[in-house]
Amino acid sequence: MSKTGNLSIHSENIFPIIKKWLYSDHDIFVRELISNAADAILKFKKLCDIGEAADNLNEPFKITVTVDKEASTITISDNGIGLTEEEIEKYINQIAFSGAEDFLSKYKDKMDDDQIIGHFGLGFYSAFMVSSQVQINTLSYEGGESLLWTCDGGTTFELEEGTRTTRGTDIILHIAEESREFLGFYHLSKIVEKYCSFMSIPIYMVDANKKTEETEKTEEADVEDIDTEEVDEAQAKPINDINPLYTLPPAECTDDQYKDFYRKTFSDYHEPLFWIHLNMDYPFKLKGILYFPKLQNDFEIAEGKIKLYNNQVFVADNIKEVIPEFLLLLKGVLDCPDLPLNVSRSFLQNDGFVKKISDYITKKVADKLISLYKKENEKYKKFWDDISPFIKYGCLRDQKFSDKINDYILFKTLDDEHVTMAEYLGHDLPDAKDQKADEPQDKIFYVSDKEKQSQYIELFKENNLHAIYLPHPIDASFISHIESRNPSLKFMRIDSDVSGALGEGEADKTNEGEIASLFKVALNQDDIKVSIENLNSDTTPSMILVSEEGRRMQEMMKMYGMPTDNLPASDMTLVLNQNHTLIKNLTNDSVDATTKDLICKHLYDLALISNQSLSPDAMKEFLMRNCELLLNLTK
Numbered sequence: 000m001s002k003t004g005n006l007s008i009h010s011e012n013i014f015p016i017i018k019k020w021l022y023s024d025h026d027i028f029v030r031e032l033i034s035n036a037a038d039a040i041l042k043f044k045k046l047c048d049i050g051e052a053a054d055n056l057n058e059p060f061k062i063t064v065t066v067d068k069e070a071s072t073i074t075i076s077d078n079g080i081g082l083t084e085e086e087i088e089k090y091i092n093q094i095a096f097s098g099a100e101d102f103l104s105k106y107k108d109k110m111d112d113d114q115i116i117g118h119f120g121l122g123f124y125s126a127f128m129v130s131s132q133v134q135i136n137t138l139s140y141e142g143g144e145s146l147l148w149t150c151d152g153g154t155t156f157e158l159e160e161g162t163r164t165t166r167g168t169d170i171i172l173h174i175a176e177e178s179r180e181f182l183g184f185y186h187l188s189k190i191v192e193k194y195c196s197f198m199s200i201p202i203y204m205v206d207a208n209k210k211t212e213e214t215e216k217t218e219e220a221d222v223e224d225i226d227t228e229e230v231d232e233a234q235a236k237p238i239n240d241i242n243p244l245y246t247l248p249p250a251e252c253t254d255d256q257y258k259d260f261y262r263k264t265f266s267d268y269h270e271p272l273f274w275i276h277l278n279m280d281y282p283f284k285l286k287g288i289l290y291f292p293k294l295q296n297d298f299e300i301a302e303g304k305i306k307l308y309n310n311q312v313f314v315a316d317n318i319k320e321v322i323p324e325f326l327l328l329l330k331g332v333l334d335c336p337d338l339p340l341n342v343s344r345s346f347l348q349n350d351g352f353v354k355k356i357s358d359y360i361t362k363k364v365a366d367k368l369i370s371l372y373k374k375e376n377e378k379y380k381k382f383w384d385d386i387s388p389f390i391k392y393g394c395l396r397d398q399k400f401s402d403k404i405n406d407y408i409l410f411k412t413l414d415d416e417h418v419t420m421a422e423y424l425g426h427d428l429p430d431a432k433d434q435k436a437d438e439p440q441d442k443i444f445y446v447s448d449k450e451k452q453s454q455y456i457e458l459f460k461e462n463n464l465h466a467i468y469l470p471h472p473i474d475a476s477f478i479s480h481i482e483s484r485n486p487s488l489k490f491m492r493i494d495s496d497v498s499g500a501l502g503e504g505e506a507d508k509t510n511e512g513e514i515a516s517l518f519k520v521a522l523n524q525d526d527i528k529v530s531i532e533n534l535n536s537d538t539t540p541s542m543i544l545v546s547e548e549g550r551r552m553q554e555m556m557k558m559y560g561m562p563t564d565n566l567p568a569s570d571m572t573l574v575l576n577q578n579h580t581l582i583k584n585l586t587n588d589s590v591d592a593t594t595k596d597l598i599c600k601h602l603y604d605l606a607l608i609s610n611q612s613l614s615p616d617a618m619k620e621f622l623m624r625n626c627e628l629l630l631n632l633t634k
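Residue numbers 0 to 634, in numbering that gives the first Met the number 0, belong to the letters of the sequence shown in order.
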């Protein structure tokens with residue numbers, strides 16, 4: 000038997016279109032062809048289950064990927080349903096006719112679970128992205144003769160008698176010269192792992208030209224650190240896990256299994272903090288595991304990866320339509336067979352259904368966090384410093400998540416205790432709708448840098464005052480978010496307004512004008528703001544307070560790359576402690592003007608050093624003045 004014919008297409012340029020536009024990555028042919036092979040097996044299994052076919056081979060179902068570098072071929076074989084001549088005509092020669100959809104339509108009343116992967120009928124033609132010729136060698140489960148279909152990427156095909164003697168299909172790709180990298184056994188194995196590591200049918204890799212270890216290393220010289228034992232092992236056992244952990248009921252999974260799955264899936268040997276196992280059947284099907292990783296530094300916040308699967312077939316990483324933006328900071332696996340994928344199965348079609356999936360994932364994450372807070376509070380507090388960037392980012396990006404998690408946000412105090420906002424304030428926050436703009440605000444003092452603000456921290460501790468640590472880059476935006484939701488709150492950095500908190504009643508302002516004049520002359524700064532305060536300390540003569548509003552504005556300008564100078568004097572206040580001897584001496588007539596001038600400059604520099612770094616010129620003058628003061632002491 001021999002037959003030739005024309006492919007039924009609407010455009011003779013369909014193959015160039017497929018090659019250039021249908022798929023963004025050429026390696027995706029691996030996913031498409033192996034998915035088709037899995038579909039062929041699943042279809043046959045279903046026919047056996049409902050009594051319409053009998054498995055006369057009595058061998059395990061499997062998919063085999065054979066690489067023959069010498070022959071320049073890759074063969075993907077299955078022992079599934081096979082194809083008849085009529086089916087080749089219908090599903091292969093008529094481009095974009097999906098055999099999977101046709102099968103589902105025919106047996107929809109007898110299908111318990113939609114496990115068939117294919118939907119669009121274009122996946123097979125991805126083979127031509129990397130092949131100069133493609134062949135199908137197939138034998139149907141119904142019997143008849145074996146068939147061999149051949150096409151070189153044009154609009155014609157040839158159909159003749161094939162060589163297959165058992166049920167199933169071989170897809171033989173004659174790899175084009177420009178795509179020979181796919182003939183590397185190790186390289187192709189990694190691609191199969193990428194797309195099919197969780198596929199439900201066992202996949203075996205076979206090297207038809209298996210060489211010695213040294214030869215193989217030479218041939219794969221472009222791949223670093225090849226583990227030849229790993230290559231051998233790939234041919235001895237399936238390359239994929241047909242029952243990945245996320246498909247099992249959570250009650251059957253142990254902590255060690257969750258950790259092992261994390262290490263293997265993400266090649267991350269740092270243990271995750273905790274995880275959330277998703278398992279939903281209604282109103283849509285969704286399974287998966289989301290891991291909260293331990294951040295190693297502040298810059299890792301954008302390095303999460305959530306792998307999206309459709310019926311255990313990899314689709315893409317970090318698809319923002321399905322995964323809430325803030326959860327892209329996490330690592331995990333999500334599998335949703337109901338996803339409305341586009342024709343290339345790489346991106347989602349615009350569908351309101353996707354938003355429901357995203358909302359569900361957000362809800363489950365919030366529920367898990369709340370459950371941890373209520374049932375495992377010590378563990379929750381232990382994790383907090385690591386998970387707080389995720390949660391704060393979530394509050395900024397998702398209003399519903401913010402509403403749900405608001406009462407379970409923790410803040411770390413100067414005593415290294417974790418408290419909620421209500422616990423810090425000693426009372427519950429009023430509802431925003433009941434607050435009035437002119438009502439007095441609760442001040443919440445915070446520390447952003449322990450070293451630079453150490454003087455202020457010590458003063459707070461000495462006076463048994465409370466402040467919280469907010470050291471992460473996201474905290475600046477987060478506290479603005481909280482203030483917008485709670486008009487009764489005002490966050491103040493510990494160096495912005497501590498004079499009232501540390502005071503012992505009203506200060507004596509009698510000499511404030513005289514002392515301010517001394518500093519203006521000594522520092523040659525007419526606009527410097529000086530305030531005399533009655534501080535509850537006899538060891539701190541001076542400090543700089545920085546306007547919270549001015550500093551936040553400057554930080555925001557820096558964030559957006561806008562040019563900024565040092566804070567203007569109007570945003571800074573030099574606070575002098577009237578209880579300190581040096582301040583008292585400034586109004587003592589027995590102290591000469593030169594010494595008062597030195598004291599003013601020195602007090603100002605000491606206050607600056609406690610708040611920020613001195614400029615090179617200011618530091619030089621400060622050191623010279625220190626020497627002068629020491630010389631005066633030795634006279």
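Each residue gets a CB set at the ideal place from its N, CA and C atoms; glycine is no exception.
Measure the alpha-carbon distance for residue i versus residue j and round it to whole angstroms.
i	j	result
LYS451	ALA606	11 Å
LYS362	LEU368	10 Å
ALA421	ASP406	8 Å
ALA52	TRP148	25 Å
SER131	HIS25	14 Å
LYS619	GLU505	37 Å
ASN78	ALA39	8 Å
LYS373	LYS236	45 Å
TYR245	HIS269	20 Å
ASP526	GLY560	28 Å
ASP54	GLY142	12 Å
VAL64	ILE80	18 Å
ASP61	ASN309	One point to set straight first is that residue 61 is Lys, not Asp, in the sequence displayed. Spanning the two alpha carbons is a distance of roughly 20 Å.
TYR468	ASN317	32 Å
LEU628	ILE531	24 Å
SER145	PHE181	28 Å
GLU311	GLU160	For the sequence presented, residue 311 should be read as Gln rather than Glu. Cα-Cα distance, rounded: 35 Å.
LYS508	ASP591	22 Å
Classify residue i as helix, strand or coil using the three-state DSSP reduction.
i	result
LYS193	helix
SER97	Confidence is the limiting factor: at SER97 the pLDDT is only 45, short of 50, which leaves the residue's position unreliable, though a coordinate-based value still follows. Looking at SER97 - three-state DSSP - the assignment turns out to be coil, as it is neither helix nor strand.
LYS408	For the sequence presented, residue 408 should be read as Ile rather than Lys. Coil.
GLU160	strand
PHE181	helix
ASN35	helix
TYR245	helix
CYS47	helix
CYS626	helix
LEU272	coil
Please identify the residue among the options whose C-alpha is closest to the C-alpha of residue i.
i	options	result
VAL353	ASP337, LYS363, ASP366 and LYS362	ASP337
ASP537	ILE582, MET623, LEU82 and ASN57	ILE582
SER387	VAL418, PRO243 and ASP507	VAL418
ASN462	ASN535, LEU517 and THR253	ASN535
PHE43	VAL66, LEU82, THR74 and GLU31	LEU82
GLY122	ILE531, ASP151, ASP570 and ARG30	ARG30
GLU554	ASP616, THR168, ASP397 and PRO472	PRO472
SER487	ILE493, ASP494, SER495 and ILE478	ILE478
ILE190	ASP169, ASN239 and THR155	ASN239
LEU544	THR168, LYS355 and VAL574	VAL574
LYS411	SER609, THR586 and TRP383	TRP383
ASN533	LYS304, ASN578, ALA36 and ASN242	ASN578
PRO323	SER541, LYS304, ILE481 and SER76	LYS304
HIS276	PHE444, GLU251, PHE283 and SER266	GLU251
ILE390	LEU409, LYS378 and GLU377	LEU409
LEU329	ALA175, LYS403 and ASP267	ASP267
Does chain C have any CB closer than 9 Å to the CB of residue i?
i	result
GLY331	In the displayed structure, chain C is absent; only one protein chain is listed.
Checklist entry - When the Cβ atoms of the region 286-294 are set against those of the region 260-278, are three or more pairs found closer than 8 Å? => result Under the 8 Å Cβ criterion, the region 286-294 counts as touching the region 260-278, having at least three qualifying pairs.
Item to check | beta strand (DSSP E) runs wholly inside the region 469-549, at least 3 long, in chain order | outcome: If you keep only unbroken beta strand (DSSP E) runs of at least 3 residues inside the region 469-549, you get 488-492, 528-532 and 541-545.
Checklist entry - Is the region 510-525 touching the region 544-557, taking contact as three or more C-beta pairs under 8 Å? => result Under the Cβ criterion (8 Å, minimum of three pairs), the region 510-525 does not count as touching the region 544-557.
Item to check | Cβ contact (3+ pairs, closer than 8 Å) linking the region 150-168 and the region 60-74 | outcome: Verdict: no, contact absent.
Checklist entry - Okay, do the region 198-210 and the region 140-155 touch, 3+ Cβ pairs below 8 Å being the bar? => result Using a Cβ-Cβ distance cut-off of 8 Å, the region 198-210 and the region 140-155 are not in contact, since fewer than three pairs of beta carbons, one from each stretch, lie closer than that value.
Checklist entry - Counting only runs that start and end within the region 324-388, where is the alpha helix (DSSP H) found for 4 or more residues in a row? => result Here the runs fully enclosed are 351-374.
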